[in-house]
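Below: one structure, written as structure tokens.
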Amino acid sequence: MSEDIWEDLVYIYNTPRLYQEAKQHNSSNHCNFIDSSYDIVTFHTMVHPHTAVGIAQVVFYAPMLPTAIFVLVKNWRQPPRMAWYPLVTFCLLRLAGGIITIIRGPQPRNIGLIIADSVLLNVGLIPLLVSLIGIMRITLNSSLDKNSRARQFLKAVRFIFLAAIVLLAVAGGISSDDSSLATARILTKAAYVILAAILALATAEMVYLLTQTHRIPASGCYYIRFALVSVPFLAVRTAYGLLYAFTIHDPNTIWNPLVGSAAAFALMCLLVEYIVLMIFIYLGIHRIWHPCQPSQETEEASKVPTIAA
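Here our numbering is used: position 280 in the sequence shown is 295, and no number is missing along the way.
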């Protein structure tokens, strides 16, 4: 076996001890040891931590995708749909990401798979934040007055989200080019700072809305309370993204979702995302059985032709 192959194996599994032992035996012409060691490492690709996480993604998100579609279809006639269609998008992203991670296991240096996996992992936070903003709109639609300031805030957030999506997509696309690597890192940092700012502003707005019980009915406050429950989990997920963005230059960082700590990725990214998804799915099912009654302003506005969210 050539030395280059062993260097690839060390790159993947970070097992310098095995590498040194193999070289020593190789220098003594113990080829049988080399071949058996290669077979052992090849077998371990089947149970590599990141591959196991990818399998878990597929197992957990396969049933959540039809559930999210069910919530969207049942709430289709109750705008805003902005709260529910991002959940379908998110489940698709995580399901596809899990499949790509499994496929990437035996070929961890495949540039195309690395780019696809990186983009899917980074963009995954955005649908959950969009859904959070959609839940805020449900509360505003049940408000007893126009609340124009909050509505202007939500409109501005749409354009900010678009900027974050573009930054993350471009960063993932150019990250494989060494000459553009520094630019990709800057774009990733900027995108996650934007997402953190959106979450902070949305949290402040929801706390404010929760104090306006004289303007917002109890049914509207119900959604805000559960949305606030999801905020700590979204904050952990955003923190993981920030740690990744600001340590991406370190080859030994544990915050890289592709080659870093699989445990950190599973706990601080996938687990908290799944909890947030469950909270939002619950609110969607709750809305099916307890539809909010729109305020008078909302009913009048619905008579004017508009583009549904």
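A virtual CB, placed ideally from N, CA and C, is assigned to each residue, including glycine.
- Excluding the five sequence neighbours on either side, which residues of its own chain have a C-beta within less than 6 Å of the C-beta of GLN93, listed in chain order? For the purposes of this step, residue 93 is taken as the residue at position 78 of the sequence shown. The answer, listed in chain order, is PRO306.
- Item | Reference TYR223, options ILE239, GLY139, ARG124, closest by Cα | For the purposes of this step, residue 223 is taken as residue 208 along the sequence shown, with counting starting at 1. Ranking the options by Cα distance to TYR223, first place goes to ILE239.
- Item | Contact the region 163 to 174 vs the region 104 to 124: 3+ CB pairs below 8 Å | no
- Message: As an exercise, report each continuous alpha helix (DSSP H) stretch of at least 4 residues that is fully enclosed by the region 76 to 105, in chain order.
- Response: none
- Reference ARG173; option with closest CA among LEU147, LEU225, LEU110, GLY112: Translated into the one-based positions of the sequence shown, residue 173 becomes position 158. For ARG173, the nearest C-alpha among the options comes from LEU147.
- From ILE207 to LEU214, what distance separates their C-alpha atoms? Residue 207 sits at position 192 when you count from the first residue of the sequence shown. Residue 214 sits at position 199 when you count from the first residue of the sequence shown. At residue 207 the sequence reads Tyr, which differs from the Ile that was named. In a straight line, the C-alpha of TYR207 is about 11 Å away from that of LEU214.
- Selection from LEU210, LEU285, ALA277 that minimises the alpha carbon distance to THR66: Reading the sequence shown from its first residue, position 51 is the one you call residue 66. THR66 has its Cα closest to that of ALA277, out of LEU210, LEU285, ALA277.
- For the alpha helix (DSSP H) that ARG240 lies in, which residues bound it at each end? The residue you call residue 240 lines up with position 225 of the sequence shown. From DSSP, the alpha helix (DSSP H) with ARG240 extends over 233 to 262.
- Alpha carbon to alpha carbon, how far is LEU257 from VAL74? For the purposes of this step, residue 257 is identified with residue 242 of the sequence shown, where counting begins at 1. For the purposes of this step, residue 74 is identified with residue 59 of the sequence shown, where counting begins at 1. For LEU257 and VAL74, the distance between alpha carbons rounds to 27 Å.
- Task: Check whether the Cβ atoms of ALA242 and ILE150 lie closer than 7 Å to each other.
- Result: Mapped onto the sequence shown, residue 242 falls at position 227. Mapped onto the sequence shown, residue 150 falls at position 135. Their beta carbons are under 7 Å apart, which means ALA242 touches ILE150 by this criterion.
- What is the rounded straight-line gap between the Cα of MET283 and the Cα of HIS264? As a first step, residue 283 is located in the sequence shown; it is residue number 268 there, counting from the start. As a first step, residue 264 is located in the sequence shown; it is residue number 249 there, counting from the start. Going from the Cα of MET283 to the Cα of HIS264 covers about 20 Å.
- What whole-angstrom Cβ distance do ASN137 and LEU177 have, given they're in contact under 8 Å? Translated into the one-based positions of the sequence shown, residue 137 becomes position 122. Translated into the one-based positions of the sequence shown, residue 177 becomes position 162. With 8 Å as the limit, ASN137 and LEU177 do not qualify as a contact, their Cβ atoms being about 15 Å apart.
- Query: CB-CB under 7 Å to PHE280, same chain, minus the five flanking residues each way: which ones, in chain order?
  - Reply: Your numbering for residue 280 matches position 265 in the sequence shown. Within the same chain, PHE280 has close Cβ partners VAL68, PRO272.
- Message: Can you tell me where the alpha helix (DSSP H) holding SER146 begins and where it ends?
- Response: Stepping through the sequence shown from its first residue, residue 146 is reached at position 131. From DSSP, the alpha helix (DSSP H) with SER146 extends over 140 to 156.
- Task: Using the Cα positions of ALA233 and TRP270, report the straight-line distance between them to the nearest angstrom.
- Result: Walking along the sequence shown from the start, residue 233 turns up at place 218. Walking along the sequence shown from the start, residue 270 turns up at place 255. Answer to the nearest angstrom: the Cα atoms are 41 Å apart.
- Segment limits, alpha helix (DSSP H) that includes HIS301: Numbered from 1 along the sequence shown, position 286 holds the residue referred to as residue 301. It spans 287 to 304 - the alpha helix (DSSP H) in which HIS301 sits, taken as one unbroken run.
- Task: Identify which residue in LEU155, LEU143, VAL185 has its Cα closest to the Cα of ALA211.
- Result: Here residue 211 refers to the residue found at position 196 of the sequence shown. It is LEU143.
- Given VAL251 as reference, the closest of LEU216, THR268, ILE290 once Cα atoms are compared: Taking the sequence shown and counting its residues from 1, the one referred to as residue 251 is at position 236. Of the listed residues, the one whose Cα sits closest to VAL251 is ILE290.
- Message: Measuring only the C-alpha atoms, how far is PRO78 from THR154?
- Response: Residue numbering aside, residue 78 sits at position 63 when the sequence shown is read from its first letter. Residue numbering aside, residue 154 sits at position 139 when the sequence shown is read from its first letter. Computed Cα separation, rounded: 28 Å.
- Query: Does the separation of the CB atoms of LEU331 and ALA186 fall below 7 Å?
  - Reply: For the chain, the structure presents residues 16 to 324; residue 331 sits outside this window and is missing.
- Item | Span separating the alpha-carbon of PRO81 from that of LYS89 | For the purposes of this step, residue 81 is taken as residue 66 along the sequence shown, with counting starting at 1. For the purposes of this step, residue 89 is taken as residue 74 along the sequence shown, with counting starting at 1. So the alpha carbons of these two residues sit roughly 12 Å apart.
- Task: Check the C-beta distance from ARG152 over to MET97 and give it rounded, since I have them as a contact under 8 Å.
- Result: To locate residue 152, count along the sequence shown from 1; it is residue 137. To locate residue 97, count along the sequence shown from 1; it is residue 82. Right, their Cβ atoms sit about 6 Å apart.
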